[in-house]
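**Student:** Here it is: the structure, laid out below.
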Amino acid sequence: MVKRLAKPAGLGPAGGSLWDDITSEFPLPPHKLRILLDACREADLVDEMEAGRAGRPLEVKGSMGQPVAAPLVSELPKHRALVASLLGKLGLPDEVVEVKTKSSRRSESARAAARARWGSAGVSA
Numbered sequence: 063m064v065k066r067l068a069k070p071a072g073l074g075p076a077g078g079s080l081w082d083d084i085t086s087e088f089p090l091p092p093h094k095l096r097i098l099l100d101a102c103r104e105a106d107l108v109d110e111m112e113a114g115r116a117g118r119p120l121e122v123k124g125s126m127g128q129p130v131a132a133p134l135v136s137e138l139p140k141h142r143a144l145v146a147s148l149l150g151k152l153g154l155p156d157e158v159v160e161v162k163t164k165s166s167r168r169s170e171s172a173r174a175a176a177r178a179r180w181g182s183a184g185v186s187a
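Each residue of the sequence shown is one higher than the one before, starting from 63 at the first, in the numbering used here.
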């Protein structure tokens, strides 16, 4: 256990929780604290985007009246991937740090299903 750092102003519930979870367990140098702060802000943005998408259609009309994916449908995976990428840059042990996003739980479920179907060869944890 390390001395808990003060939570930066402006973080929402997801980002604040992520900040507290990581900074209470791992001492990070300043450059990694900046990466963590960016990951926390992205985690908050993902939560806001998910809330904004709730109850809305997955498709909208495009410029020519054709059905196209709603903008948040294509943007959410990009931001989830960015959170995962930023957290990966911190170099923390995978078995200790759990990303608290729905996408990470789905990814774990998908990996478990792949291992069950194909065995552990070629599937990284």
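Think of the CB as a built atom: it goes at the ideal place given N, C-alpha and C, for glycine as much as any other residue. Note that the coordinates shown come from a computational prediction; the quantities given were computed from them, not determined experimentally.
Using the C-alpha atoms, what's the distance from D83 back to K162?
**Tutor:** Confidence in K162 is poor, its pLDDT being 46 and thus under 50, which makes the residue's placement unreliable; the coordinate value appears in the next sentence. Looking at the two C-alpha atoms, the distance is approximately 10 Å.
**Student:** At the 7 Å Cβ level, is A68 part of the contact set with chain B, yes or no?
**Tutor:** The displayed structure is made up of one protein chain only, and chain B is not part of it.
**Student:** Determine, using beta-carbon pairs with one atom in the stretch 144 to 159 and one in the stretch 111 to 124, whether at least three such pairs fall under 8 Å.
**Tutor:** Short answer: they don't touch.
**Student:** According to the Cβ coordinates, are L154 and I97 closer than 7 Å?
**Tutor:** No, the pair does not count as a contact, with Cβ atoms beyond the cut-off.
**Student:** Note down the Cα distance separating L90 from Q128, rounded to an integer number of angstroms.
**Tutor:** So the alpha carbons of these two residues sit roughly 49 Å apart.
**Student:** With a CB to CB cut of under 8 Å and the five nearest residues on each side skipped, what residues in its chain are close to G184?
**Tutor:** Note that G184 has pLDDT 49, beneath the 50 cutoff, so the model's placement of it is unreliable and the number below is only indicative. So no residue of the chain qualifies.
**Student:** By the DSSP assignment, the beta strand (DSSP E) with E121 in it spans what residues?
**Tutor:** From DSSP, the beta strand (DSSP E) with E121 extends over E121 to K123.
**Student:** Note down, in chain order, each residue of its chain lying with its Cβ closer than 6 Å to the Cβ of L67, except the 5 sequence neighbours on either side.
**Tutor:** Answer for L67: T85, listed in chain order.
**Student:** Going by C-alpha to C-alpha distance, which of A105, P92, M126 and S136 sits closest to P75?
**Tutor:** Looking at the Cα atoms, A105 is the closest of the given residues.
**Student:** Per DSSP, V130 forms a beta bridge with which residues?
**Tutor:** In the DSSP output, where bridge partners are listed per residue, V130 has V122.
**Student:** Buried or exposed: where does A101 fall if 16 or more other Cβ atoms within 10 Å of its Cβ makes it buried?
**Tutor:** Buried, since its Cβ has 16 or more Cβ neighbours within 10 Å.
**Student:** Exposed or buried, what is G77 when buried is set at 16 or more other beta-carbons lying within 10 Å of its beta-carbon?
**Tutor:** Buried, since its Cβ has 16 or more Cβ neighbours within 10 Å.
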